[in-house]
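>
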Amino acid sequence: GWETVKDGYIDEGWKDTVLLMPGEEVDVLMRFDGFAGRYLYHCHNLEHEDLGMMRNFEIA
-13 GWETVKDGYI
-3 DEGWKDTVLL
7 MPGEEVDVLM
17 RFDGFAGRYL
27 YHCHNLEHED
37 LGMMRNFEIA
């Protein structure tokens, strides 16, 4: 299960994926200097798409 993930294993380096366990929350800070356009964020559990865990946003 998820209890086997060692501390620090997923905390190193830049990434565009965040591992969340049930009940956890995260704030994501992103910089889009020079990258105007449409972007998408989503949960990798496809059934969550209808619950608002898949949204697009636009950087002007």
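Using our numbering, read the sequence shown as starting at -13 and increasing by one per residue. We treat Cβ as the ideally placed atom computed from N, Cα and C, and that holds for glycine.
Who pairs with R17 in a beta bridge, going by DSSP?
As a position in the sequence shown, residue 17 is number 31, starting the count at 1. R17 is not bridged to any residue.
> When the Cα atoms are used, what is the spatial distance from R24 to V4?
As a working note, residue 24 is residue 38 in the sequence shown. As a working note, residue 4 is residue 18 in the sequence shown. Whole-angstrom Cα-Cα distance: 20 angstroms.
> Identify the continuous beta strand (DSSP E) that holds G23 and give its terminal residues.
What you label residue 23 is simply residue 37 of the sequence shown in a count that begins at 1. It spans 23 to 28 - the beta strand (DSSP E) in which G23 sits, taken as one unbroken run.
> Sort out for me which residues DSSP pairs N42 with in a bridge.
Start at 1 with the first residue of the sequence shown, and residue 42 comes out as number 56. Paired residues: L26.
> By DSSP, does L6 sit in helix, in strand, or in coil?
Mapped onto the sequence shown, residue 6 falls at position 20. Three-state result, L6: coil.
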